[in-house]
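FYI, in the numbering used here the residues of the sequence shown are -1 to 174. Each residue gets a CB set at the ideal place from its N, CA and C atoms; glycine is no exception.
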Amino acid sequence: SVRRYVDRGLRGQLRSGNLLTGQLYVALDFFPNAPKITLDTTRTPIQIPTVPGTFEELQTMLGNIVSQLERVPFEQIGDDVHRALVRLDPLLQAADKLVKDLGTGIAPELHATLGQARQTLATAEHGLLAADAPVQTDLRETLREVRRATEALRNLSDFLERHPESLIRGKQEGRP
């Protein structure tokens, strides 16, 4: 009887049949560690319990990644770096003036070192904070891709809620 199979872990699971078309199917498989469920045999047709599919797990993981990325205060981090660099500039200028005033044998070397430090800081500021910086560009592109993937998953999920029969029959012609 079906009840015996369900007691042993028989469950339905939504799986991808074709990644290109997005076609899904319901697979019946045994999940021995699935929670025990009382099967209602009075319903017609009998409803076999299900377990989350890998597609649902992927959608949840992508949603979690997007949520975590949205919580990262990128703008605040950029502002903090900028403020630190602004505070550091007067210190470097004062040290540069001190070196000029010393007039000793090490003054030219120290002056050159401070100039290099200032140049390095300017390069770092441009490399990290500029709108066209590789780090900023890569991060924006990654966020766009994650948003597109999440939107595609959301659309598929909405479609399946409206047309669950498409899991068995596939997408019908003329349907959006």
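Reference L90; option with closest CA among T111, M59, I35 and Q66: The residue with the shortest Cα to Cα distance from L90 is T111.
Through-space distance from R85 to R152, alpha-carbon basis: Between R152 and R85, the C-alpha separation is close to 46 Å.
Option in Q57, A93, E55 and A122 with minimal Cα separation from A82: Closest option to A82, judged by alpha-carbon separation, among Q57, A93, E55 and A122: A122.
6 Å Cβ shell around Q57 - same chain, five flanking residues per side excluded: These residues qualify, in order along the chain: L151.
Top-ranked residue by Cα proximity to R13, from G113, F53, D78 and Q114: Ranked by how close their Cα comes to the Cα of R13, the residues G113, F53, D78 and Q114 have F53 in first place.
Reduced DSSP category for S14 - H, G, I as helix; E, B as strand; rest coil: Strand, per DSSP.
Q114 to D94 span [Cα, whole Å]: Taking the straight line joining both Cα atoms gives about 11 Å.
Continuous beta strand (DSSP E) stretch holding Q45: start and end: Taken as a continuous stretch (DSSP letters only), Q45 belongs to no beta strand (DSSP E), as it is neither H nor E.
According to DSSP, residues forming a beta bridge with R9: According to DSSP, R9 bridges with D27.
Range of the contiguous alpha helix (DSSP H) that encloses T52: Unbroken alpha helix (DSSP H) run through T52: T52 to R69.
L96 to V79 span [Cα, whole Å]: Each residue's alpha carbon lies about 26 Å from the other.
Between the CA atoms of K98 and G61 - distance to the nearest angstrom: Using only the alpha carbons, I get a separation of about 57 Å.
Coarse secondary structure for L37, derived from DSSP in three states: In the structure shown, L37 sits in coil (DSSP, three-state: anything other than H, G, I, E or B).
Selection from R6, I75, T39 and S65 that minimises the alpha carbon distance to F28: Nearest option by C-alpha distance: R6.
Paired residues, beta bridge with L22 - DSSP: Beta-bridge pairing links L22 to S14.
Backbone CA spacing between N16 and L22 [nearest angstrom]: Those two C-alpha atoms are separated by around 7 Å.
Beta-carbon spacing of T36, R9 below 8 Å: Pairing T36 with R9 gives a Cβ-Cβ distance that is not under 8 Å.
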